[in-house]
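Below is the structure:
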């Protein structure tokens, strides 16, 4: 429904709220025995995929609460992403040197992707789904080949591992809806802009600065029309940038602790939701 925003808690479950009318909690899902670190709406909007520190993966039907897929990973989950074309397939990563692609129809791992890392921070499919990116916790002097990695989805081969050469981790990635570019949130307190086609070069002319990351997993997102860029900030603010000029279009002061999540409504462009480290969620018009 247009009026709903997903609010997926980091404590053993998730909630779906009516964000426009009553502000009430419509449903609570208690699926995990430990903290939930990653959750995604399915592309159809009727299911939620969640992964937790209990190693569990669940795909839940929102209307009935039925588990359509449940399985156990061999690592704690921190990142999930559905394949953009085959919605029965998703890739997950976490506290492991390996990412895995699962097929919910068979409940089996269909591919594995290995790198010399300790943790996957985020996963981002590029437009056709034949390639995807992973950001990792590698940030040492010799880790330029591991901070952001481009993968061939079918063969599991690395396409490029020389994408981001600065010594900062990138806790979140987002794809522009219209142009062949993606953005990476960095712990250098700026958003970096990259080409989404090989060789994935970073723009030296445009970066988005003014917010703080400071080690938090601060999310970022483009507006549905691609004109605006939204990010949280470690000081509790939410910032809106012009995508074209990188200038700040709006600053929202809504949280007393780090704003770690910010998302545009998929249908109503003037509405967005933010959430913070203290556990509160706010809807903005």
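Numbering (our numbering), first residue to last: 1 to 285. C-beta atoms are modelled at their ideal positions from N, C-alpha and C, and glycine is treated no differently. The structure displayed is predicted, hence computed values, not measured ones.
Leaving aside the five residues that flank residue 217 on each side, the residues in its chain whose CB is nearer than 8 Å to its CB run, in chain order, 121, 171, 172 and 260.
Shown here for residue 110: same chain residues with a beta carbon closer than 8 Å to its own, the five before and five after excluded, namely 89, 101, 102 and 103 in chain order. Sorting 160, 87, 268 and 257 by C-alpha distance to the C-alpha of residue 195 places 160 at the top.
The C-beta of residue 151 has 16 or more other C-beta atoms within 10 Å across all chains shown, which makes the residue buried.
Sequence-distant partners of residue 55 (beyond 5 residues in either direction) whose C-beta falls short of 8 Å from its own C-beta, in its chain, are 72, 73, 74, 75, 76 and 77. In this structure, residue 233 lies away from residue 253, with their beta-carbon atoms at least 7 Å apart.
153 is the residue among 31, 153 and 70 whose C-alpha sits nearest the C-alpha of residue 128. Take residue 208, set aside five residues on each side of it, and the residues of its chain with a beta-carbon closer than 7 Å to its own are 190, 191, 229, 241 and 246, in chain order.
Excluding five sequence positions before and after residue 27, the CB atoms of its chain that fall closer than 8 Å to its own CB belong to 15, 16, 62 and 65, given in chain order.
Only buried fits residue 38, as 16 or more other CB atoms lie within 10 angstroms of its CB. Comparing alpha carbon positions, the residue from 118, 49 and 283 closest to residue 83 is 49. Cβ neighbours of residue 249 within its own chain (closer than 7 Å, five residues either side excluded): 228, 240, 241 and 242.
Around the Cβ of residue 256, a 10 Å sphere holds fewer than 16 other Cβ atoms; the residue is exposed. Its chain contains 195 as the residues whose beta carbon lies nearer than 6 Å to that of residue 201, once the 5 sequence neighbours on both sides are disregarded; these appear in chain order. Straight-line spacing of the CA atoms in residue 149 and residue 174 works out to 14 Å.
Rounded to whole angstroms, the gap between the alpha carbons of residue 244 and residue 25 is 37 Å.
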